[in-house]
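These notes concern the structure reproduced below.
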Amino acid sequence: SQQGEEDPQALSIQEGENATMNCSYKTSINNLQWYRQNSGRGLVHLILIRSNEREKHSGRLRVTLDTSKKSSSLLITASRAADTASYFCATDYRAQSGNTGKLIFGQGTTLQVKP
Amino acid sequence: KAGVTQTPRYLIKTRGQQVTLSCSPISGHRSVSWYQQTPGQGLQFLFEYFSETQRNKGNFPGRFSGRQFSNSRSEMNVSTLELGDSALYLCASSSSSGGAHEQFFGPGTRLTVL
């Protein structure tokens, strides 16, 4: 079963506006990552935030992590039409026996940025 | 560096057949993970290989198998195909020897089972 739940499922905004997507998860994690997918293609890694970090920036992206609430948010500022895509959060969960190579993905948020 | 490549990009098979998908990771990456993406179930982890050993496995039936070669290239095989196996299969490579750090994804193989 998927660990991450994202909201909203779909978001439509105008170019220049900010877009915020939220992700919640269920178990303790090592890190949380955000990916972008264009039209059923491969995923592009956007940003990774570790469990001991609270906020991280990369260009127009800002990610926050609240481990007490088991939630994260992705903010895209000054959006562009090229940002139109699906965005997924993925968790590297902490397991007693160790976890290798497995990310658990949320169901994603579909973002449409209108020119 | 060249990215992750997957072949073939598209595949059409009929029920009962078997299929083999190939993934070449980024040079120097020894970890390869496979995922299945469907509209209903989303992205689900299949398995992960590191240095030719399967280290982690998702909840898929035994019809789904994989292997990794000494050059880190990986293949996954699905036998006795079912309609529900129609999906986008993604592989991802990572330089990490532990945990699930940043993964670099290939473009995927879209499998259609008729």
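Protein sequence lines, in the order shown, are assigned to chains A and B.
Residues in the first sequence are numbered from 1 upward in steps of one, following the numbering used here.
Residues in the second sequence are numbered from 1001 upward in steps of one, following the numbering used here.
Backbone N, C-alpha and C define an ideal beta-carbon position, used for all residues, glycine too.
- The secondary-structure analysis by DSSP pairs residue 113(A) across a beta bridge with 13(A).
- Here residue 1045(B) is buried, its C-beta having at least 16 other C-beta atoms within 10 Å.
- For residue 1029(B), no beta strand (DSSP E) encloses it, and the DSSP letter there is neither H nor E.
- Taking each of 1043(B), 1013(B) and 1057(B) in turn and checking the Cα distance to residue 1049(B), the smallest one comes out for 1057(B).
- The Cβ atoms of residue 109(A) and residue 14(A) do not sit closer than 8 Å to each other.
- Our two residues, residue 43(A) and residue 1082(B), have alpha carbons roughly 25 Å apart in a direct line.
- Note on residue 1085(B): 16 or more other CB atoms within 10 angstroms of its CB, so buried under the neighbour-count rule.
- Taking each of 1030(B), 1002(B), 1068(B) and 1095(B) in turn and checking the Cα distance to residue 1022(B), the smallest one comes out for 1068(B).
- If only complete runs of 3 or more residues are kept, the stretch 1009-1057 of chain B shows the beta strand (DSSP E) at 1010-1013, 1019-1024, 1031-1038, 1042-1050 and 1053-1057, in order along the chain.
- Residue environment for residue 17(A): exposed (fewer than 16 other C-beta atoms within 10 angstroms of its C-beta).
- For residue 1002(B), the closest alpha carbon among the candidates 1080(B), 1008(B), 1031(B) and 1106(B) is that of 1106(B).
- The Cβ-Cβ distance between residue 21(A) and residue 32(A) does not fall below 8 Å.
- With a threshold of 8 Å between beta carbons, residue 1048(B) makes contact with chain A.
- About 6 Å separates the Cβ atoms of residue 1087(B) and residue 1111(B), confirming a contact at the 8 Å cut-off.
- A contact is defined here as three or more CB-CB pairs under 8 Å, and the stretch 1016-1036 of chain B meets this definition with respect to the stretch 1062-1076 of chain B.
- Here the alpha carbon of residue 76(A) sits roughly 14 Å from the alpha carbon of residue 45(A).
- A direct Cα-to-Cα measurement between residue 1006(B) and residue 1070(B) gives close to 17 Å.
- Contact of residue 48(A) with chain B by beta-carbon distance below 9 Å involves 1101 and 1102.
- Within chain B, the residues 1042 have their CB atoms less than 8 Å from the CB of residue 107(A), given in chain order.
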